Amino acid sequence: MGKPIQIVNSHRIAERIYKLSTCSEPTIGVTRLSFTNEFQLAQKMVEKWMLEAGMTVRRDNLNNLIGRYEGKNSHSPVLMIGSHLDTVIEGGKYDGMLGIVAGIEVIAILFENGIILENPIEVVAFCDEEGVRFHSTFLGSKAIAGTLTERDLEATDEQGITVAAAIKQLGLNPLEYQEAAKEPKDVFGYIELHIEQGPILEKEGIACGIATGIAGLSRYSFKVEGFAGHAGTVPAALRKDALVGAAEIILAIEKLVKNHAPLVATVGKLSVKPGSSNVIPGEVLGTIDIRDTNQYRIKEVIQAIFQTCEEICTRRGLTYHVEKVMEAPPVYCCEEISAAIESAIQENGMRPIHLVSGAGHDAMAMADVTKIGMIFVRCEKGISHHPDEHVILDDLGIGAQVLLDTVLKISNYHTTVKERF
Ligand code: GLV
Ligand code: MN
Ligand code: MN
Numbered sequence: 002m003g004k005p006i007q008i009v010n011s012h013r014i015a016e017r018i019y020k021l022s023t024c025s026e027p028t029i030g031v032t033r034l035s036f037t038n039e040f041q042l043a044q045k046m047v048e049k050w051m052l053e054a055g056m057t058v059r060r061d062n063l064n065n066l067i068g069r070y071e072g073k074n075s076h077s078p079v080l081m082i083g084s085h086l087d088t089v090i091e092g093g094k095y096d097g098m099l100g101i102v103a104g105i106e107v108i109a110i111l112f113e114n115g116i117i118l119e120n121p122i123e124v125v126a127f128c129d130e131e132g133v134r135f136h137s138t139f140l141g142s143k144a145i146a147g148t149l150t151e152r153d154l155e156a157t158d159e160q161g162i163t164v165a166a167a168i169k170q171l172g173l174n175p176l177e178y179q180e181a182a183k184e185p186k187d188v189f190g191y192i193e194l195h196i197e198q199g200p201i202l203e204k205e206g207i208a209c210g211i212a213t214g215i216a217g218l219s220r221y222s223f224k225v226e227g228f229a230g231h232a233g234t235v236p237a238a239l240r241k242d243a244l245v246g247a248a249e250i251i252l253a254i255e256k257l258v259k260n261h262a263p264l265v266a267t268v269g270k271l272s273v274k275p276g277s278s279n280v281i282p283g284e285v286l287g288t289i290d291i292r293d294t295n296q297y298r299i300k301e302v303i304q305a306i307f308q309t310c311e312e313i314c315t316r317r318g319l320t321y322h323v324e325k326v327m328e329a330p331p332v333y334c335c336e337e338i339s340a341a342i343e344s345a346i347q348e349n350g351m352r353p354i355h356l357v358s359g360a361g362h363d364a365m366a367m368a369d370v371t372k373i374g375m376i377f378v379r380c381e382k383g384i385s386h387h388p389d390e391h392v393i394l395d396d397l398g399i400g401a402q403v404l405l406d407t408v409l410k411i412s413n414y415h416t417t418v419k420e421r422f
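Take 2 as the starting number for the sequence shown in my numbering and just add one per residue.
And the structure:
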């Protein structure tokens, strides 16, 4: 018979999610890019909640915030929980934030019940998962996993500010990034709770699911170059319109991808230069994001996209350049952690459902240093990366409770009675 433990406080979670959503640029939804004022404001809030939950808090040189709840044996490998604090442009309140807030809630419950586990736990608010500002992704989790390189710090934002410069402005020393890295022997595992960002759990009528793995993800940037000119005087046949070329490339990608399902590819960002209504576009810069659980298929489709770009640009008298920005192969969740999540889900009265994540997560980078597990929480209509992203109050609590129960199981701490305070 274990000791009684209170259940998580879903209202506290909802209130904190709301508070974090106010740390945003003045847009619809939430816009909080890495290392900005809004980001630092959100980080301050998280720091306060970590301290209130009995954690010691530190910031590494990549601007990850790490709350540590000491174990009985401070030298035993640490169990890490976390997610990201950055958002997409005009995103929702839950993507990333829910994993951090739920992690803090888990520790708050342990702290309020005077429970010290054998192993320490660290809750991490990662600095850059979406990769919107630098088109990078996983800067923080790669630093902790020990896979970050100096090249990652050289990526620039639209203002030409490098990752290193943005971090330096916060009073940190990005060149000391290796200090953030964990040794595999020092980490027991990493668990991330995240909204599903898809419709399956809602369709099945279940609040939580288990991720079995995460699809691989590759990002490229491309440039199509033509020749700018007067919009009124250059006859159609003599134009080298970079935007029309890029449009044809995008449609060709759409067609190619249809033959390679479930692979998906997205051109999510275009910038047209010089960008004037009376000037023929001379240059287009864009991004391609490709995902699949099968890395070979990703490579095959990328080759086909390159070939298509070549054909289209040659025919139109344009030139093109494509560059790989990042690549993360598919990863698989650890069976032992997934089994603990599954039994926590069942004990909370739910049927276990296994899902593959199409979205990227910090867990992908953390898989390079430790075993990973992921809990998915149902979100309304599967909407994500959108201001309408929503999770109902009950599901906030159920998700955090499953995370707490998973942490207790993995840490070999047994409880049987749950009481609401
Ligand atoms: C992150 O949310 C991604 O999958 O791009
Ligand atoms: Mn996201
Ligand atoms: Mn996310």
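The beta carbon of each residue, even a glycine, is placed where N, CA and C say it ideally should be. Keep in mind the model is a prediction, meaning the values are calculated, not measured.
Asked: Where Ala167 falls, given that 16 or more other Cβ within 10 Å makes a residue buried; Found: buried
Asked: Residue nearest to Ile207 in terms of C-alpha spacing, selected from Ile289, Leu397 and Thr407; Found: Leu397
Asked: Unbroken beta strand (DSSP E) run spanning Leu66, endpoints; Found: Leu66 to Tyr70
Asked: Cβ pair count under 8 Å reaching 3, the segment 210 to 225 against the segment 306 to 324; Found: yes
Asked: Test item: CB-CB of Ala423 and Met351 under 9 Å; Found: As displayed, the chain neither begins before 2 nor continues past 422, which places residue 423 out of reach and without an answer.
Asked: Beta carbon of Thr234 nearer than 9 Å to that of His136; Found: no
Asked: Heavy atoms of ligand 1 versus C-beta positions, residues under 5 Å; Found: Ala360 and Gly361
Asked: Residue range of the alpha helix (DSSP H) that includes Val403; Found: Leu394 to Ile411
Asked: Cutoff 6 Å; reference Ile117; Cβ partners in own chain excluding five residues on either side; Found: Lys73
Asked: Given 8 Å, three or more beta-carbon pairs between the segment 139 to 154 and the segment 365 to 374; Found: yes
Asked: Where Tyr19 falls: helix, strand or coil (DSSP); Found: helix
Asked: Close beta carbons around Arg13, own chain, < 7 Å, minus the five adjacent residues each side; Found: Glu106
Asked: Exposed unless 16 or more other CB atoms sit within 10 angstroms - verdict on Ala103; Found: buried
Asked: Those residues, in chain order, that have a beta-carbon closer than 5 Å to some heavy atom of ligand 3; Found: Asp96 and Gly97
Asked: Span separating the alpha-carbon of Ser339 from that of Val403; Found: 12 Å
Asked: Continuous beta strand (DSSP E) stretch holding Leu286: start and end; Found: Glu284 to Asp293
Asked: Pairwise C-alpha distance: Glu205 and Cys380; Found: 12 Å
Asked: Ile215 CB to nearest heavy atom of ligand 4 below 8 Å; Found: Although ligand 4 was asked about, the structure shown includes only ligand 1, ligand 2 and ligand 3 as ligands.
Asked: Whether Ile215 touches Gly83 by CB criterion (9 Å); Found: no
Asked: Ligand 2 heavy atom lying under 8 Å from the CB of Thr28; Found: no
Asked: Where Cys310 falls: helix, strand or coil (DSSP); Found: helix
Asked: Proximity of Glu91 and His387 at Cβ, strictly below 9 Å; Found: yes
Asked: Counted within 10 angstroms of its Cβ, other Cβ atoms place Gln1 as buried (16 or more) or exposed; Found: Missing from the structure shown is residue 1; the chain here goes from 2 to 422 and no further.
Asked: Cβ pair count under 8 Å reaching 3, the segment 11 to 27 against the segment 38 to 56; Found: yes
Asked: Under the three-state DSSP convention, the category Ser437 falls into; Found: The structure shown does not extend to residue 437, since the chain is modelled only from 2 to 422, so the question has no answer here.
Asked: Paired residues, beta bridge with Cys24 - DSSP; Found: In DSSP, Cys24 forms no bridge with anything.
Asked: Pick from Gly383, Val370 and Val273 that is closest to Ile192, judged by C-alpha positions; Found: Val370
Asked: Nearest residue (CA-CA) to Asp395, options Val378, Gln304, Phe127 and Cys335; Found: Val378
Asked: beta-carbon Glu131 near ligand 2 non-hydrogen atom, thresh 8 Å; Found: yes
Asked: Closest residue to Pro262 among Leu34, Lys49 and Asn295 (Cα-Cα distance); Found: A quick correction: the sequence has Ala, not Pro, at residue 262. Comparing Cα-Cα distances from Ala262 to each of Leu34, Lys49 and Asn295, the minimum goes to Asn295.
Asked: Cutoff 9 Å: Ala126 Cβ touching any chain C Cβ; Found: This model lacks chain C altogether, as it is built from one protein chain only.
Asked: Any non-hydrogen atom of ligand 2 within 8 Å of Val89 CB; Found: yes
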